Every structure is written in structure tokens, then in C-alpha cells.
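Undergrad: Residue numbers for the sequence shown follow the UniProt record's numbering, beginning at 1 and rising by one.
Below you'll find the structure I mean.
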Amino acid sequence: MAKPLAERRLGTVLETVVVELLDEARLAWPRIQDPDDSEGLHDFRVALRRLRSCLKDYFKDYLKGYRGFAGVSLDKGLMRELRDLARSTNAARDGEVMLAWLQDQHELLNGSERAAVAWWCERLVPQVEEEYRRIEFRVAAFPLLDARLREAMKGIRLKARKTPRFGPASADVLERLVTQWCAELDAIKGREDEDALHRPRITGKRLRYLLRAWRGEGEVLVVAESALKSFQEAFGQLHDDLVRCEALRASVQQHVLEETDARLAAAIRDPGARATAPRHLRGFMGLVAHHEQRTEAHLAEVLRLSRGKPRRELEKQLAEVAATMRGSH
């Protein structure tokens, strides 16, 4: 009979988890350049994020400030390469998400707003295509990184007896992350501090990724993971809104600049040329107004979750999860 997950050695479980995530990334990697696969890059990035989070949670150099916790050793160069690889795909994915959002909004917009979106897409599509061409070069090193990480995890597994039990180690990480997450939620004052809104989103992801290895270990894990997903989705929607706010503002400014340059060029050719407003300014103003309403609604939901009953219930559930991990529940 296999040992319960909580009683297995950290090094043994960690190798299994990391290899599973590398397998997911390996499957997604060739799909990135498939024009008919819109989720290839997304799946590749998710696997890398989960992988980074897993290694960060149990990696000694990230945990040396926590007395008494015995993490595992891993070459810091591998961690940097993994981080850089994930970051190198940001621009392409951000543009891809923006295009998808603009397309989803099409039926909800009036004529002037659709014209503004069409103008924006004419410029955004080539940018995304260029980023995908660059990605082909950036992710070319993944197979080598994949092989090196697998080899490193074999070494960690061979030394598994020197690592702590997975249950108590996971509980230590969980409790530390919950403390950090609660402090980040308490620091939220409103929309004026976007960094404060960003931090709990990232820590919430790490909490959810941490529970992934514990799927099937009890109902409390299922309930807590579902609640974390609700938090993550709310913070994710707000984060996307705030990113779009900046992109929308930049596009409006680009449009106004292009139109102004065209008017000035016309004035040089014809001193009697009329001064008119940028063609799509009205449409962009409508987009900004609609998007602002959406952003405020998502902010209200984030504040509700962060300050009310859902948070208190989730904190209680996560305490039960930690007890389950320690085998004391």
C-alpha cells in the first residue's frame, strides 16, 4: 500500500509534481506556433507559472528567512532561466488577450465604438504577430531547460530521505503564504494603489497551486480550492481591467497624435484646412466609459471578498487544510 501523501518525503513528491508540470509544458510547447491553436501559449505559460511557484515554495534560497524550514537545493541559474522564459512570453499573451476581449465586446458596442475598436485592432494585430515571431526564438531553449530540470529533480529524489515529510513541509508553506496573503488583503485601500491590488492576486495563485498536489486528499481541500478559485477569478478580472485601462489610454493618445499629425500636414498643404476632432475620439470615449463601469464593478467584488464573510470562511478552511496536511485533522 502506498504511503499517504502527507507521510511521503518532500524530495520524492516534489520530483513527481515537477515532472508532471514539465510534461504539461512539453505538450504545450509545440502548440505555441500552431495558428489554429489559440490556447497553446496560455497552457505553456500556466505550466511554467505552476512550476515556478512549486519550486519557489520549497527552494532553500527562497526560504532561508524562515527558521526551521528545510527546503530543497536547486541551482539558482535554473530558477532564473525559468523566470526569464516565462517573462519572455508576456507581451504576446497580453496582446492576444486584448484582441480576444475587443472581439468579445463587438456586439455590445455602437457604431462609433466599433470603428474605434477596428482602428485599434488594425494596429494591435501586427504587434501580436510580431511578438509571436519573437517567441519562436525565445522559447527555443525550453527543451534544454526541461532536460536540466528533470535531471536536477532526479538528484533531489536520490536525497529524498534527507528532506522533511511532505505534509508538514506543505503546511509550513501554506501557513506562511496565508499570513502573507492576509496582510496583503488588509493593505488594500482602493483603486489608487494598484500594487496593493496586484499582490494578493499573485499570492492567491500560489496558494491555489500549492493545493494542486493535494487533490483527492479530502473534501476540505476541494472546498478551499474552489473558494480560492473565486478569489483568484475576481482579482484576475480586476487586474485585466487595470491593464486594459492603461492600454486603452495609450491607444487613445496614439490615435489623437496620429490624427493631429494628419491635420497639421493638411494645414501645410492647405492653409484653409478645417480643424476637426480625431475621427474615433467619440468611440474611444464610449469605450472608456463602459470599461470604467466594468472596472468599478469588479473592484467592488474584490473589496467584498477581501473584507467580508467569504474571506473569514476561507481563512478557516485553509487552517483546516493545514491541519490535514500535518495529519492532525
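From the three backbone atoms N, C-alpha and C, an ideal C-beta is built for every residue, glycine too.
Since the structure is predicted, the reported quantities are computational estimates derived from the model, not experimental observations.
How about the region 77-97 and the region 255-266: do they share at least three Cβ pairs that are nearer than 8 Å?
TA: With a cut-off of 8 Å, the region 255-266 and the region 77-97 do not count as touching, because too few Cβ pairs lie within range.
Undergrad: Does DSSP put R279 in a helix, a strand or coil?
TA: Taking the sequence shown and counting its residues from 1, the one referred to as residue 279 is at position 279. Coil.
Undergrad: Report the option in E129, L85, G167 and T179 whose CA atom is closest to the CA atom of P35.
TA: Here the question's residue 35 lines up with position 35 in the sequence shown. Residue E129 is the option with its Cα nearest to P35.
Undergrad: Taking the C-alpha atoms as reference points, what is the distance between K76 and E315?
TA: For the purposes of this step, residue 76 is taken as residue 76 along the sequence shown, with counting starting at 1. For the purposes of this step, residue 315 is taken as residue 315 along the sequence shown, with counting starting at 1. Straight-line Cα distance between these residues: approximately 33 Å.
Undergrad: K309 to A100, Cα distance in whole Å?
TA: Here the question's residue 309 lines up with position 309 in the sequence shown. Here the question's residue 100 lines up with position 100 in the sequence shown. Distance between the alpha carbons of K309 and A100 is about 34 Å.
Undergrad: Are K189 and A183 closer than 8 Å when you measure CB to CB?
TA: Against the sequence shown, residue 189 aligns to sequence position 189. Against the sequence shown, residue 183 aligns to sequence position 183. No. Outside cutoff.
Undergrad: Might you give, ordered along the chain, the residues of its own chain that have their beta carbon closer than 6 Å to the beta carbon of A86, omitting 5 neighbours on each side?
TA: Counted from its first residue, the sequence shown places residue 86 at position 86. Cβ neighbours of A86 beyond the five flanking positions: L48.
Undergrad: Buried or exposed, going by whether 16 or more other CB atoms sit within 10 Å of the CB of F284?
TA: On the sequence shown, position 284 is the one that residue 284 refers to. Counting Cβ neighbours within 10 Å, F284 comes out buried, since at least 16 surround it.
Undergrad: For F142 and Y132, what's the separation of their Cα atoms in angstroms?
TA: Residue numbering aside, residue 142 sits at position 142 when the sequence shown is read from its first letter. Residue numbering aside, residue 132 sits at position 132 when the sequence shown is read from its first letter. In a straight line, the C-alpha of F142 is about 16 Å away from that of Y132.
Undergrad: To the nearest angstrom, how far is the alpha carbon of E7 from that of D57?
TA: Reading the sequence shown from its first residue, position 7 is the one you call residue 7. Reading the sequence shown from its first residue, position 57 is the one you call residue 57. Each residue's alpha carbon lies about 18 Å from the other.
Undergrad: Just the Cα atoms here: how many angstroms apart are H44 and E24?
TA: Locating residue 44 in the sequence shown gives position 44, where the first residue counts as 1. Locating residue 24 in the sequence shown gives position 24, where the first residue counts as 1. For clarity, residue 44 is Phe in the given sequence; the question names His instead. For F44 and E24, the distance between alpha carbons rounds to 7 Å.
Undergrad: Quick one: using the 10 Å Cβ neighbour count with 16 as the cut-off for buried, is R249 buried or exposed?
TA: Here residue 249 refers to the residue found at position 249 when the sequence shown is read from its first residue. Counting Cβ neighbours within 10 Å, R249 comes out exposed, since fewer than 16 surround it.
Undergrad: With DSSP run on the structure shown, which of helix, strand or coil describes R9?
TA: As a first step, residue 9 is located in the sequence shown; it is residue number 9 there, counting from the start. The answer is strand: DSSP assigns R9 an E or B state.
Undergrad: Could you spell out the range, first to last residue, of the alpha helix (DSSP H) harbouring H239?
TA: Sequence index remark: in the sequence shown, residue 239 carries index 239 (1-based). Counting along the chain, the alpha helix (DSSP H) containing H239 begins and ends at E219 to R269.
Undergrad: Quick check on G204: buried or exposed, where buried means 16 or more other Cβ atoms within 10 Å of its Cβ?
TA: For the purposes of this step, residue 204 is taken as the residue at position 204 of the sequence shown. It is buried - the Cβ of G204 has at least 16 other Cβ atoms within 10 Å.
Undergrad: If we require 4 or more residues per run, which alpha helix (DSSP H) segments fall completely within the region 153-223?
TA: Listed in chain order, the complete alpha helix (DSSP H) runs (minimum 4 residues) inside the region 153-223 are 166-186 and 194-212.
Undergrad: Return the chain-ordered list of same chain residues with a C-beta closer than 6 Å to the C-beta of A187, the five sequence neighbours on each side being excluded.
TA: Stepping through the sequence shown from its first residue, residue 187 is reached at position 187. So the qualifying residues of the chain are A196.
Undergrad: Measure how close the beta-carbons of L242 and E225 come, nearest whole angstrom, since I'm counting them as under 8 Å.
TA: Stepping through the sequence shown from its first residue, residue 242 is reached at position 242. Stepping through the sequence shown from its first residue, residue 225 is reached at position 225. Their Cβ separation, rounded to whole angstroms, is 26 Å, which puts L242 and E225 out of contact at 8 Å.
Undergrad: Taking E175 and A322 to be in contact with their CB atoms under 8 Å, please state how far apart those CB atoms are, rounded to whole angstroms.
TA: Numbered from its first residue, the sequence shown carries residue 175 at position 175. Numbered from its first residue, the sequence shown carries residue 322 at position 322. About 5 Å separates the two Cβ atoms, so the contact holds.
Undergrad: Taking C-alpha atoms, which residue in A319, L207 and A247 lies nearest to S230?
TA: Counting from one through the sequence shown, the residue named residue 230 turns up at place 230. Here the closest residue by C-alpha is L207.
Undergrad: Buried or exposed for R244, going by 16 or more other Cβ atoms inside 10 Å?
TA: Working through the sequence shown from its first residue, we reach residue 244 at position 244. So R244 ends up on the buried side.
Undergrad: Please determine, among Q105, S53 and Q33, the residue with the shortest C-alpha to C-alpha distance to L177.
TA: Locating residue 177 in the sequence shown gives position 177, counting from the first residue. Comparing Cα-Cα distances from L177 to each of Q105, S53 and Q33, the minimum goes to S53.
Undergrad: Does the structure place the region 152-160 close enough to the region 10-18 that three or more beta carbon pairs sit under 8 Å?
TA: Enough Cβ pairs lie closer than 8 Å, so yes.
Undergrad: Less than 8 Å between CB atoms is the rule here; does R206 satisfy it with respect to chain C?
TA: Looking for chain C here will not work: only one protein chain is present.
Undergrad: In the DSSP output, which residue or residues are listed as bridge partners for F59?
TA: For the purposes of this step, residue 59 is identified with residue 59 of the sequence shown, where counting begins at 1. In the DSSP output, where bridge partners are listed per residue, F59 has V72.
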